[in-house]
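Residue numbers for the sequence shown follow my numbering, so the first one is 57 and each next one is one higher. One structure is given here, and the rest of the page talks about it.
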Amino acid sequence: MKKLRMTALTAMAAFSLGAGLPVQYFTPVVAPAAVCQAASHIDESIRPIQLAVSNHRMMDADEQGELLRSSEIMVVFTGSAVAEGVEELQKALWAYNKETAEQGLKFREKLVAQAKQDRAERKAAGATSFSAYEDVNDVFIRRADTLAVSLLEWSFNYEGGVHGMSGVRGRNFDSKTGRELMLSDVCPDLPKLAEVIRAQLCREYPDASFAANGAENVNLLMGAGNIAWTLDPTGVSFYFNPYLIGSYSEGIFATTVLFDEHPELFIETYCRAPKSYCMELRPYIPTRASFANGDSALVKVTTTDGGLRIVLDGAILDDWGETYDLRPVLVSLADGRRYLYVDGLGAGDAWERTTIYDVNGNQPVLVPMQQQFTRRADVDEDFAEAERGPIMIDEKRDKAFSVMANPEDFYMTRLNEATGKAELCQCRVGADGTPEVLWVQGES
């Protein structure tokens, strides 16, 4: 069957985030640049960059059964790096892909050998079953514009034992120079920053296990350079993986320090925000963001036994129905409107479908859609035929997603229920929050 693919996606090679990745070490800034003082940090000269994320799922097995389930990720340009003046960033992302591919291959070979040995030892001890190892990865694009590109890497790793481990890490790049940013490049006063992070964590997680000691481990993590962070469109988010400051069962803690709330912490170069933006969210991790009209909100997307849950500043919307493999995007427009575009697999779906939620008020609201869309860029042209077959959530296959960066110009695939065909469309966010189609591939 024919595929709908943007040209750049056909060149994607696979790679893996893996585990045991090197951390960034703390380097004090001797003479910091000027910090932000402006009340508003919107800079209309910042332009979005078009990227795509490819996820290649793999399974290693032998005659005795499965050994390892893994995935490999690549981040590539689909727009023009030359036109946006970010050729050095494009080179940096190719280097990033190559680096992670090499690390992932070594880690995968190690896990396959380890899994074989583990299975043999379990069988010798009388075990009758063996759970395959896992090294599953993904990348969520927190920011993609001519100032910075920020990647939130997520991985789940299982190497036997009672449970696996999941965690995140940020990789942040200056779009003009391609240089990977240290936290001290963005926030030079790290001791002051640690105070703000600790205060916010205790306020936002009052019942967490770290609340009694004020999350003092933040200082240690900051000094060791072992703090995960992303440069978001309107602030900097910090992530604390299981066991770092809390128990495994409490999951990942996160907090966002907004430019508008703490301008004294940020270097002027990097505390500028685009007038409109799109930011991918990692499910289950809350994110704070500010918008063009001066509002701010805390947003989280999760699943429950009944379906998908949207949390907006504590207000909850439960959208019933099984949904898997969520890929949410927070969309902020220049006029202050904001929406959530959430792609996910429903029961029996072969392709993720986009559901839209209005998060402009105090309560999230489901937005009715007249047409079906997906951010998948690799949908079979005859998408309805594919969905008639048996679909497994853990099925081994590739996925390629168009990254939304500009609410006024982005690509989606329309799933035309009337014809059973998939159509690649250029869109913008319409007046009701749904995609307004500007152009359809193949139409004059």
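The beta-carbon is built from N, C-alpha and C at its ideal position, and this holds for glycine as well. Keep in mind that this is a model prediction, so the values were computed, not measured.
N-terminal and C-terminal residue of the alpha helix (DSSP H) that residue 153 is part of
143 to 180
Taking DSSP as the reference, what is the three-state secondary structure of residue 186?
coil
Leaving out five residues before and five after residue 338 in sequence, what residues of the same chain have Cβ atoms less than 7 angstroms from its Cβ?
196, 208, 210, 224
The segment 93 to 109 in contact with the segment 132 to 141 per 3-pair CB rule at 8 angstroms:
yes
For residue 499 and residue 186, what's the separation of their Cα atoms in angstroms?
52 angstroms
Tell me the start and end of each unbroken beta strand (DSSP E) in the segment 394 to 473 that is at least 3 residues and wholly inside, in chain order.
394 to 402, 409 to 414, 428 to 430, 454 to 458, 466 to 472
Give me the Cα-Cα distance between residue 480 and residue 232, rounded to the nearest whole angstrom.
30 angstroms
Rounded separation between residue 415 and residue 395 - CA only
5 angstroms
Assess contact between the segment 163 to 182 and the segment 420 to 430, defined as three or more Cβ pairs (one per stretch) separated by less than 8 angstroms. Is contact present?
no
Does the beta-carbon of residue 88 have 16 or more other beta-carbons within 10 angstroms, so that it is buried, or is it exposed?
Residue placement at residue 88 cannot be trusted, given a pLDDT of 47 that sits under 50; what the coordinates show is reported in the next sentence. Burial call: exposed.
Which listed residue (278, 464, 476) has its alpha carbon closest to that of residue 494
464
Cβ distance (whole Å) where residue 382 is taken to contact residue 398 below 8 angstroms:
6 angstroms
Once the 5 residues before and after residue 348 are set aside, which same chain residues still bring their CB inside 8 angstroms of it?
98, 331, 332, 388, 389, 390, 391, 392
Buried or exposed: residue 468, going by 16 or more other Cβ atoms within 10 Å of its Cβ?
buried
Residue 237 and residue 230 - do their beta-carbons sit closer together than 7 angstroms?
yes
Looking only at its chain, what residues have a beta carbon closer than 6 angstroms to the beta carbon of residue 486, apart from the 5 residues adjacent to it on each side?
492
So what's residue 256 in DSSP terms, helix, strand or just coil?
helix
For the alpha helix (DSSP H) containing residue 241, list its first residue and its last residue.
239 to 242
For residue 253 and residue 294, believed in contact at Cβ under 8 angstroms, the rounded distance
6 angstroms
Pair within 7 angstroms by beta-carbon distance, residue 234 and residue 157
no
Three-state secondary structure (DSSP) at residue 123?
strand
Sequence-distant residues of its chain with Cβ nearer than 8 angstroms to residue 461 (five each side left out):
104, 105, 106, 107, 197, 200, 201, 333, 334
Any idea which residues DSSP pairs residue 379 with across the strands?
402
Can you tell me the Cα-Cα spacing of residue 262 and residue 309, whole angstroms?
12 angstroms
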